[in-house]
Amino acid sequence: MDIREGFAGAVGKTPLIRLKGLSEECGCEILGKAEFLNPGGSIKDRTALGLILDAEKRGQIRPGGVIVEGTAGNTGIGLALVGRARGYRTVIVMPETQSREKIEMLRLSGAEVRLVPAVPYRNPENYVHQSRRLAEALSQEETAGAFWANQFDNTANRDFHAATTGPEIWQQTDGRVDAFVCAAGTGGTLAGVGRYLQSQRAGIQTGLADPAGSAVCSLLQRGEAVTEGNSISEGIGNSRITANLEGARIDQAWTIPDEESLPLVWRMMEEEGLMLGSSSGVNLAGALRMAESLGRGHTIVTMLCDSALRYRAKLFNPDFLQEKGLPFPTWLRDAVKP
Ligand code: PMP
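Numbering-wise (this note's numbering), the sequence shown opens with residue 5 and increments by one.
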């Protein structure tokens, strides 16, 4: 029998998919880990579960308690579902700029959603700081207490990736993986998977694919926050090095413009039948940059973080894309005609 136990049991153990067209083109094996198949629909189900299991172990959350988090959406969906499955309420603080589909999904998942203006991290009204203050306030008010998940700086996030996602990739490739590439939101995936893979073989390369407008690439390369351009991708990029990313060995880093990543999202739809969100496009662009740098014959793993359905109104909206001056395929207009 192969039966998994509830929500927690259904998280992870996602397939690793060979992307044939991309692999043939660059001469490396490009493998995408199908994180969109997690029960809440994204890689962040792993983070949510990892943070809550750690909090339970440490006694930081009690039955009937409240989970509070600031999130671009996917972690919130994961937390709300973990909360449903394990008996916690969830309150999510989120920038109002995030996709409508994620906000709707959060509410359907049972979370109480508080939308706040999108302001930089240095502003005390930033969603992360608001979520911390809200958790402090609820800790006093709620009898069963409140737990601030703090995905950016709670290193239980990267530790969970090191304990689960990393070993899955190692086993699925029979240890033949040469490089791991992905974008960083919290940095938990890149730091955790990278740490585990490099503990198995130190020569395994790690690469950061950073969306335009994020400072992480320049912070890693030059120690200063320099940003250029912007990106419609959600959930990735940052203005700082989080505690999860701090100290991680990252061998290469690139800034990826939307003009480079979006065509890969369309291409995965056209040639693989894979419906992906925008961060997956950034990751695939990074995997191709890594292939260019390593040369032919290497195995490169990246993450397919979530699905296109979560971004229908933006990423799959020709009017929105046209307004931003971004490329889209001719079939998209016909496909979304009312
Ligand atoms: N892709 C998507 C769609 C996400 O929501 C996130 C996290 N917010 C990431 C990638 C980045 O993952 P991490 O936080 O582990 O860096």
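By construction, the Cβ of each residue, glycine as well, lies at the ideal position given by its N, Cα and C atoms.
All of these numbers come straight from a predicted model, not from anything done at the bench.
With a threshold of 8 Å on Cβ separation, who are the neighbours of residue i within its own chain once the five nearest residues in sequence on each side are excluded?
{"i": "A295", "result": "C30, G31, C32, I34, H302, I304"}
{"i": "R118", "result": "V95, I96, V97, M98, Q134, L138"}
{"i": "W174", "result": "V181, Y200, L201, Q204"}
Taking the C-alpha atoms as reference points, what is the distance between residue i and residue j?
{"i": "L110", "j": "E116", "result": "8 Å"}
{"i": "V206", "j": "S265", "result": "A small correction: the amino acid at residue 206 is Ala; Val does not occupy that position in the sequence shown. If you take the alpha carbons of A206 and S265, they lie about 29 Å apart."}
{"i": "L359", "j": "R180", "result": "Since the first residue shown for the chain is 5 and the last is 342, residue 359 is missing from the structure and cannot be characterised."}
{"i": "F324", "j": "S311", "result": "18 Å"}
{"i": "R126", "j": "V220", "result": "15 Å"}
{"i": "N78", "j": "K106", "result": "7 Å"}
{"i": "Q64", "j": "T190", "result": "21 Å"}
{"i": "S283", "j": "A153", "result": "22 Å"}
{"i": "W258", "j": "G239", "result": "17 Å"}
{"i": "P171", "j": "E28", "result": "26 Å"}
{"i": "R90", "j": "G68", "result": "9 Å"}
{"i": "P121", "j": "A317", "result": "20 Å"}
{"i": "P261", "j": "E108", "result": "28 Å"}
{"i": "R136", "j": "G74", "result": "8 Å"}
{"i": "T168", "j": "P342", "result": "43 Å"}
{"i": "E9", "j": "G251", "result": "35 Å"}
{"i": "E60", "j": "A148", "result": "13 Å"}
{"i": "D178", "j": "T18", "result": "16 Å"}
{"i": "E327", "j": "G211", "result": "31 Å"}
{"i": "N158", "j": "N242", "result": "16 Å"}
Assign residue i to one of two classes, buried (16 or more other C-beta atoms within 10 Å of its C-beta) or exposed (fewer than that).
{"i": "I134", "result": "It should be pointed out that residue 134 corresponds to Gln in this sequence rather than to Ile. Buried, by the Cβ-count rule."}
{"i": "S203", "result": "exposed"}
{"i": "A141", "result": "exposed"}
{"i": "M307", "result": "buried"}
{"i": "M343", "result": "Residue 343 falls outside the range modelled here, since the chain spans only 5 to 342, and no answer is possible."}
{"i": "I71", "result": "buried"}
{"i": "W335", "result": "exposed"}
{"i": "T101", "result": "exposed"}
{"i": "R314", "result": "buried"}
{"i": "P215", "result": "buried"}
{"i": "I7", "result": "exposed"}
{"i": "T246", "result": "buried"}
{"i": "V230", "result": "exposed"}
{"i": "A339", "result": "exposed"}
{"i": "Q155", "result": "buried"}
{"i": "E39", "result": "buried"}
So the beta strand (DSSP E) residue i belongs to, where does it begin and stop?
{"i": "P99", "result": "93-99"}
{"i": "E308", "result": "Rather than Glu, the amino acid found at residue 308 in this sequence is Leu. Here the beta strand (DSSP E) through L308 covers 303-308."}
{"i": "K35", "result": "Inspection of the sequence shows that residue 35 is occupied by Leu rather than by Lys. L35 -> beta strand (DSSP E) spans 33-38."}
{"i": "L280", "result": "Neither: L280 is in no beta strand (DSSP E) and is coded neither H nor E."}
{"i": "L325", "result": "Unbroken run through L325 is the alpha helix (DSSP H), 322-327; no beta strand (DSSP E)."}
{"i": "R180", "result": "Note, R180: premise wrong, no beta strand (DSSP E); not H, not E."}
{"i": "L20", "result": "20-22"}
Suppose the cutoff is 6 Å on Cβ atoms and the five residues either side in sequence are ignored; what does the same chain contact list for residue i look like?
{"i": "P333", "result": "W270"}
{"i": "G82", "result": "G44, K48, D49, A52"}
{"i": "N130", "result": "V123"}
{"i": "A160", "result": "G54, L55, D58"}
{"i": "E275", "result": "G25"}
{"i": "E20", "result": "According to the sequence shown, residue 20 is Leu rather than Glu. Cβ within range, chain order: L35, K37, Q176."}
{"i": "Q209", "result": "A183, D255"}
{"i": "R162", "result": "G192, A195, G196, N248"}
{"i": "L292", "result": "C30"}
{"i": "N42", "result": "V15, D49"}
{"i": "R104", "result": "A317"}
{"i": "G114", "result": "A84, R88"}
Between residue i and the rest of its own chain, which residues show a CB-CB distance below 7 Å, the 5 nearest in sequence each way excluded?
{"i": "L268", "result": "G285, L288, A289"}
{"i": "V86", "result": "F11, A52, L53, I56"}
{"i": "G233", "result": "A216, G217, P261"}
Just reading off the alpha helix (DSSP H) that residue i is part of, what are its end residues?
{"i": "R162", "result": "160-164"}
{"i": "I173", "result": "170-176"}
{"i": "T334", "result": "334-339"}
{"i": "G16", "result": "Taken as a continuous stretch (DSSP letters only), G16 belongs to no alpha helix (DSSP H), as it is neither H nor E."}
Notebook entry, point to check: Along the chain, which unbroken stretches of the beta strand (DSSP E) at least 3 residues long are found entirely within the region 235-272?
Noted result: 256-260
Notebook entry, point to check: Which residue spans inside the region 54-111 form an unbroken alpha helix (DSSP H) run of at least 4?
Noted result: 78-90
Checklist line | 3-residue-minimum beta strand (DSSP E) runs that sit fully inside the region 192-243, ordered along the chain | finding: 209-215
Note to self: My parser needs the alpha helix (DSSP H) runs of 4 or more residues fully inside the region 109-157; what are they?
What the structure shows: 131-145
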